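One structure is given here, and the rest of the page talks about it.
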Amino acid sequence: MAKQNAVVTGYGFYAPSRVVTNLDLEKMGVGTSDEWITTRTGIKERRFASDGETTSTMATRAARIALERARLRPQDLDLVVLGTCSPDYLFPATACLVQTALGAERAGAFDVEAACTSFVSALAIANGMILAGSARNALVIGAECLSHLLDLKDRTTCVLFGDGAGAVVLEASNASVGVESAVLHADGSKGDLLWVEGGGSRVPATNETVAQGKHFIRMQGGETFKLAVKSMADAAEEALAEAGVTADDIDIMIPHQANVRIIDAVVKRLKFPEEKVFVNIQRYGNTSAASIPIAIAEAAEQGRLKKGDRVLLVAFGGGFTWGASVMEWWGVPIPDRREKTIVERAARTVEDVLDKVRP
Ligand code: UT7
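So for the sequence shown, numbering that gives the first Met the number 0 puts the first residue at 0; every next one is plus one.
Following this line, the structure appears as structure tokens:
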């Protein structure tokens with residue numbers, strides 16, 4: 000059998016409709032201002048989930064769009080892997096909720112938790128399984144409902160984060176393109192610089208831990224900032240080297256969107272042209288695991304990702320964790336499968352119509 004590569008054949012994102020502007024936060028009286036948030040982070044607004052929306056519901060919406068674009072049925076999926084640090088439950092995995100909502104009845108499903116590096120980690124796992132031949136069609140999702148973990152009285156965190164979901168379909172293909180490298184790193188000794196301390200097995204939920212606000216995101220911003228810049232630049236260089244390419248070969252860089260100043264500093268370190276960097280933090284804030292797949296989907300929709308483009312993804316997050324990946328963009332369904340699926344779909348439509356008119 001010819002060597003299989005893992006190629007992206009579909010992408011989609013979902014952003015909740017509830018827009019929270021910097022001005023909205025300013026009016027809440029938390030001691031912040033549009034001016035501070037804009038100049039320190041680049042964020043102008045973010046989306047918060049509406050009542051009834053959760054990580055799994057947003058992930059399912061993004062996944063449906065990605066599957067539709069890939070012209071793949073949920074039943075064709077072998078794997079649903081979902082990156083998040085704001086799962087619906089401690090368990091079962093949010094991926095299982097998505098798997099059942101989609102009707103992906105053949106698929107295995109599990110979550111990956113590497114905070115803001117979760118999507119790049121999930122992609123690395125799915126890529127590895129496809130290369131190993133243990134999966135052909137994988138749905139890789141990054142989704143977060145961070146607004147439910149925010150202390151709206153803590154100005155150092157509540158202005159930064161937002162909700163949303165993004166997904167890609169990754170398929171085995173004989174095409175010579177696909178994921179070319181994936182590198183992952185971690186330093187668990189700095190875990191308490193960005194964390195949610197309560198609610199797990201070490202600090203189980205009690206009235207006291209809830210009263211102490213231990214179920215909210217807490218961050219030492221300055222230290223996190225410095226490490227983010229160095230680690231993202233290092234990971235990007237490593238992923239480029241592993242793919243056997245240089246920064247000059249990259250058509251678009253899609254970094255994790257935590258702070259526009261972090262992105263600027265990484266770009267300067269790498270001596271990377273600014274115009275090749277995709278930034279949408281101004282509209283979504285930091286959506287952690289969802290930021291890169293949302294940006295992928297937006298970049299593709301805006302025509303900034305074209306077939307044959309070489310893409311660099313790079314992330315940093317709690318843990319600490321960081322990683323990067325280089326891929327050649329395919330982004331459209333594999334031709335032979337697309338024809339077949341259209342025929343299958345037409346056949347199903349005829350059957351559906353017949354079912355309705357049959358006595
Ligand atoms: O996604 C995972 C990784 N996350 C990150 O990488 C985030 C990394 N960190 C950052 O992006 C930045 O450190 C922040 C945006 C969080 C903070 O920016 P900063 O320039 O590092 O500000 P700072 O923490 O040094 O705070 C400067 C001042 C402080 O006041 P004092 O002590 O100088 O009087 C803060 O209390 O700004 C104050 N401050 C605020 N003022 C108005 C902090 N947050 C706010 C706020 N509004 N929202």
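Backbone N, C-alpha and C define an ideal beta-carbon position, used for all residues, glycine too. This one's a predicted model, so the numbers in the text were calculated from it and none came from an experiment.
query                                                                                                     : result
Bridge partners - His184, DSSP secondary structure assignment                                             : Trp321
Contact under 9 Å by Cβ, Ala114 with Gly316                                                               : yes
Proximity to Ile251 [Cα-Cα], best of Gly28, Pro292, Val310 and Ile280                                     : Val310
Val158, DSSP secondary structure in three states                                                          : coil
Ala92, DSSP secondary structure in three states                                                           : coil
Boundaries of the beta strand (DSSP E) in which Pro254 is found, first to last residue                    : Ile251 to Pro254
Thr40 Cβ short of 8 Å to the ligand UT7 heavy atom set                                                    : yes
Closer than 8 Å: Val29 CB and nearest the ligand UT7 heavy atom                                           : yes
Simplified DSSP state of Thr208, which is helix, strand or coil                                           : helix
Buried versus exposed call for Arg105 [16 or more other C-beta atoms within 10 Å across all chains shown] : exposed
Through-space distance from Asn258 to Ile42, alpha-carbon basis                                           : 8 Å
Check: Leu149 C-beta below 8 Å from any heavy atom of the ligand UT7                                      : no
CB contact flag (Val119, Ala166, <9 Å)                                                                    : no
Exposure of Val265, with buried meaning 16 or more beta-carbon neighbours within 10 Å                     : buried
Cβ neighbours of Leu89 in the same chain (closer than 8 Å, five flanking residues each side left out)     : Gly198 and Gly199
Pairwise C-alpha distance: Glu222 and Ala103                                                              : 42 Å
Coil, strand or helix - Glu143 by DSSP                                                                    : strand
Reference Phe268, options Val195, Ser188, Leu24 and Lys229, closest by Cα                                 : Looking at the sequence shown, residue 268 is not Phe but Arg. Closest by alpha carbon: Lys229.
Nearest candidate by alpha-carbon position, reference Gly177, set Thr156, Gly30, Thr31 and Asp308         : Asp308
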